[in-house]
Structures are given as C-alpha cells and as structure tokens.
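A.B. asks: Going by our numbering, the letters in the sequence shown line up with residues 1 to 185, in that order. Don't be surprised by glycine CBs; every beta carbon is placed ideally from N, CA and C.
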Amino acid sequence: MTDQATAAQTESPDIPGKPVAASRTTLSHIMTHNDTNLLGTVHGGVIMKLVDDAAGAVAGRHSGGPAVTASMDEMAFLEPVRVGDLVHVKAQVNWTGRTSMEVGVRVLAERWNESAPPTQVGSAYLVFAAVDADGKPRRVPPVIPETEQDKRRYQEAQIRRTHRLARRRAIMELREKRAAEGYED
Numbered sequence: 001m002t003d004q005a006t007a008a009q010t011e012s013p014d015i016p017g018k019p020v021a022a023s024r025t026t027l028s029h030i031m032t033h034n035d036t037n038l039l040g041t042v043h044g045g046v047i048m049k050l051v052d053d054a055a056g057a058v059a060g061r062h063s064g065g066p067a068v069t070a071s072m073d074e075m076a077f078l079e080p081v082r083v084g085d086l087v088h089v090k091a092q093v094n095w096t097g098r099t100s101m102e103v104g105v106r107v108l109a110e111r112w113n114e115s116a117p118p119t120q121v122g123s124a125y126l127v128f129a130a131v132d133a134d135g136k137p138r139r140v141p142p143v144i145p146e147t148e149q150d151k152r153r154y155q156e157a158q159i160r161r162t163h164r165l166a167r168r169r170a171i172m173e174l175r176e177k178r179a180a181e182g183y184e185d
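(1) Check whether the region 127-139 and the region 68-75 touch, using three or more Cβ-Cβ pairs below 8 Å as the test.
(2) Short of 7 Å in beta carbon distance, which residues of its chain neighbour R106, apart from the five on each side in sequence? Order them along the chain.
(3) My output table needs one value for I15: the three-state DSSP class, helix, strand or coil.
(4) Roughly how many whole angstroms lie between the Cα atoms of I171 and R160?
(5) On a Cα-Cα basis, can you pick out the residue from N113, H62 and T162 that is closest to V83?
(6) Write down the C-beta distance between T26 and H88 rounded to the nearest angstrom, noting that I regard them as a contact closer than 8 Å.
(7) Identify the continuous alpha helix (DSSP H) that holds A157 and give its terminal residues.
(8) Which term fits I30, buried or exposed, when burial requires 16 or more other beta carbons within 10 angstroms of its beta carbon?
(9) Which same chain residues end up closer than 7 Å to Q9 when comparing Cβ atoms and leaving out the 5 residues on each side of it in sequence?
(10) Within a Cβ cutoff of 7 Å, which residues of the same chain sit near G60, ignoring the five residues on either side of it in sequence?
(11) List, from N- to C-terminal side, the alpha helix (DSSP H) runs of 4 residues or more that fit wholly inside the region 40-94.
(12) Using only CA atoms, which one of E184, L174 and T147 lies nearest to A21?
(13) On the criterion of 16 or more Cβ atoms from any shown chain inside 10 Å, does D14 qualify as buried, or is it exposed?
(14) If contacts are defined as beta-carbon pairs under 8 Å, then R98 and R139 qualify, I think. What distance do you get, rounded to the angstrom?
(15) Which two residues bound the contiguous beta strand (DSSP E) that contains S123?
(16) With 16 as the cutoff for other CB atoms within 10 Å, does L108 come out buried or exposed?
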C-alpha cells in the first residue's frame, strides 16, 4: 500500500478500503454501421459513451452505489475504430478522495473475425462523484493499489488532480479579476 493510500485509509477509518481489482471491469461491444461518422469510421462520441458507461460501472461498484460523471479529461483517440471492430473498454479506479474517484480507461479494438491481438485505440481519465438518494455527495471507500502499475496510476492520478484544481483556481482568479475590472462575460 502506498503512503497516500494509507493516509486515505486513515481519513476514512469507518469505511474499509477496497482493492483496485474489486471494481475493475471490461465492457465489450461490436461496432456497426449505426456507430459511424461521415468518414465511415466509428464516431468519437460513440467511443466516449462506452468509456463513460464502463467508468460509471466501475465507480458505482467501488463506491457501493450511485456515482455521477464530474469530469472527463485527457480523452485521447489513438487510432480509428472501424465497423466490425470488437471494442473492449477496460476501466479501473486509480485514485479516491473523500467523495470522488478518478477512473482510468483504456480502449482496445480488434477485428471481430480475426485472432490478432487487440490494438489500443484510446484512453481517458474521468472523475466521478458518489451521490446519495438526494444527489448529495457521499463518502467513498479508499482505493488500495495492489500492483506496481496500480501504485504508479495512483500517483499519476494525484498529479492530474493537482493540475485540475490549479487550473480551476487560476480560471476563477482570472474571472474575478476581469469582473473587478468591469468586464462581463
């Protein structure tokens, strides 16, 4: 367990931690003509929905209840996906805060009728907030990184969180400054 995971466990002593593998999942889907864009490849929005679906399942499993998408960042499309591709969306919780979780997602594609190994065609990081029946944030169990890869992902997720918060803070400061100078947005 990393020092960060130990600290998170200490912050939520009444909520036992869960290992990364407890909620890891794969969603697979064959792409059809209904999924295509004007170029004849699979529309990026279709892939993004699959990514959000898989990440949502992982967040719900980890948190033990409803979780909503708070943000999606670093969605990268590495290769086009074609009609007839079998797409595998692999997702896992990389990091947890008090009420939020970062879910990492890898998107792989392979021809439905070939035995060649899948190719990575995309990746994304999403932040989910666990919510109660009234839509209010609720606490989540700490994630327990198990492997060296899990520990690396946990540390990288903390860096992304720091950057997200710093970006948000900088934008708010700029807006406040512009408002004080009389600019309306």
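C.D. replies: Once the coordinates are examined:
(1) yes
(2) K90, Q120 and S123
(3) coil
(4) 16 Å
(5) N113
(6) 6 Å
(7) E148 to A180
(8) Exposed, by the Cβ-count rule.
(9) A caution first: Q9 carries a pLDDT of 45, below 50, which makes its placement in the model unreliable, though a value can still be read off. So the list reads G17 and P142, once near-sequence residues are dropped.
(10) P66 and A67
(11) 44-63
(12) T147
(13) exposed
(14) 6 Å
(15) T119 to A130
(16) buried
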